[in-house]
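Reading through the structure tokens given below for one structure.
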Amino acid sequence: MATGTFFLTNVLSPDASEQWQWTMPVVVGSAVLIMQYLVDFGERLEAVEEAQKRRIRGMRDSLADHHREMRSAVDESFAKINAATELFSQVDRSVLRSDGVTRLARKYTQVGEHGSEIVKRFAQEEIASLALLMENLSNGTADCPGENHEWLIDLTACTKKTLYATSTSVDRDFWSSGPGKRYLVAQGDAIRKRGVEIRRLFLVDSPEEITEALRKLCERQRRYGIDARIVDQSELDSAPVTSVNDFIIFDGELCYEIEPDVRATPTKTTLKMTPDHVSERIERFEDLWEASSAD
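For the record, in the sequence shown the residue sitting at position 203 is 202 according to numbering that gives the first Met the number 0, with numbers rising by one throughout.
Quick look at the structure:
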């Protein structure tokens, strides 16, 4: 650029002094460099301004996203609070005791805060099982694999009026087991402390099954206040034979039933509260009771 300027100066001003011949190219070249610098600076300034605008837009979008997230979190928290408030209001309005629900929620929270990982997982499994049981009870039936002795003993502790039960040869050994002894004590407490009427029918399929051991078992239960009798189903004319291994009717409102497999091993415990089913079991028990022997 400077060389071109020098050439133009020599051509256009052949008579100019040697000083101007050397000065003019420098001036023009400097001006061109300055202009180029200004152009570059302008472009860089525009790039910086554009980057700044993008940064500001990004910050604005980020703040907007953060605001939406915060609002969503606040709304979700308030929704949970409202749900919890409504839940506890329903518990307070129900006939069930609310102190147990409050205690459960508080202790479950404490386990979550201080328990080890396996304790937390165990607590979650227990809560899930309890929730499933409550859901099933609200639908009128609940069940579990095997024979649930804890349900049996807890239901006996909750009974206030009557407990009518059948017992077959399948569970004769149950009465000498630990759960059987606890169940017998719970029945004695129900009779003595709450005046519960308890009747038990020991069902046999033939006279040969009425052994001295069975009579002693009946006598032992009578000492607890239980009205225990024996029924020989082979001698029944009209009373229907039970289609399940055992059934127990608590307060005329709930049936505890055991379903056996082909080897007469308990495979499932079922709680049924539907009025039709309970009424059918009560009628069946009364028919068997009328045909029973008190000896």
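Heads up, the beta-carbon is just placed ideally off N, CA and C, and yes, glycines get one too. For clarity, every value in this text was computed on a predicted model and none was experimentally measured.
Contact set for residue i: own chain, Cβ-Cβ below 8 Å, skip 5 residues either direction
i: V110; result: V118, K119, A122
i: Q51; result: none
i: V277; result: I248, G251, E252, L253, C254, K271
i: I281; result: Y163, I248, G251
i: Y318; result: This structure cannot speak to residue 318, because the chain is shown only from 0 to 294.
i: V10; result: Since pLDDT at V10 reaches only 49, below the 50 mark, its modelled position is unreliable, and the value read off the structure follows with that caveat. Counting only Cβ-Cβ distances below 8 Å, and skipping sequence neighbours, we find nothing.
i: L132; result: A141
i: F6; result: Below a pLDDT of 50, predicted positions are generally treated as unreliable, and F6, at 49, falls in that range; the measurement from the model is reported next regardless. Closer than 8 Å at the Cβ level, and outside the excluded window around F6, lies no residue.
i: R43; result: none
Bounding residues of the alpha helix (DSSP H) (the contiguous stretch that carries residue i)
i: F284; result: 274-289
i: I311; result: In the structure as shown, the chain starts at 0 and stops at 294, and residue 311 therefore has no counterpart that could be examined.
i: S155; result: A small correction: the amino acid at residue 155 is Thr; Ser does not occupy that position in the sequence shown. Per DSSP, T155 belongs to the alpha helix (DSSP H) from 148-157.
i: E329; result: Since the first residue of the chain shown is 0 and the last is 294, residue 329 is not available in this structure.
i: K180; result: 177-193
Own chain residues within Cβ distance below 6 Å of residue i, not counting five before or after
i: G139; result: M272, T273
i: P178; result: H148
i: E279; result: none
i: Y61; result: Looking at the sequence itself, residue 61 is Ser, so the reference to Tyr does not match. For S61, where only same-chain residues beyond five positions count, there are no Cβ hits under 6 Å.
i: E112; result: none
i: A46; result: none
i: G114; result: none
i: G99; result: none
i: D39; result: none
i: T264; result: none
i: C143; result: T268
Residue-chain proximity (residue i, chain C), Cβ-Cβ < 8 Å
i: I257; result: Going by chain labels, chain C is absent from the structure shown, which holds only one protein chain.
Closer than 7 Å: residue i CB and nearest the ligand HEM heavy atom
i: S233; result: Inclusion of the ligand HEM in the displayed structure is not the case, the ligand content being empty and no account of it being possible.
Identity of the residue in the options nearest residue i by Cα
i: R181; options: V195, F201, L151; result: L151
i: T210; options: R171, I197, I225; result: R171
i: D226; options: E207, A212, L183, P206; result: L183
i: S127; options: R191, C217, L103, E256; result: The sequence given here has Ala at residue 127, not Ser. Ranking R191, C217, L103, E256 by Cα distance to A127 puts L103 first.
i: W174; options: K192, L216, A46; result: L216
i: K267; options: E146, A156, A212, R221; result: E146
i: R198; options: R221, S176, L132; result: R221
i: Y223; options: D245, F246, K192; result: K192
i: S166; options: D245, A63, E49, R219; result: D245
i: A156; options: L32, G187, T269; result: G187
Boundaries (first-last residue) of the beta strand (DSSP E) holding residue i
i: T264; result: No beta strand (DSSP E) holds T264; DSSP gives it neither H nor E.
i: T165; result: 161-166
i: I229; result: 226-231
i: R199; result: 196-203
i: D245; result: 245-249
i: D142; result: 140-144
Contact set for residue i: own chain, Cβ-Cβ below 7 Å, skip 5 residues either direction
i: S168; result: V203, E208
i: D275; result: none
i: T158; result: A189, V195, F249, D250
i: E285; result: none
i: L213; result: F201, I229
i: T161; result: V195, E196, D250, G251
Stretch pair the region 219-238 + the region 250-270: three plus CB contacts closer than 8 Å: The count of Cβ pairs closer than 8 Å, one atom from the region 219-238 and one from the region 250-270, stays below three, leaving the stretches out of contact.
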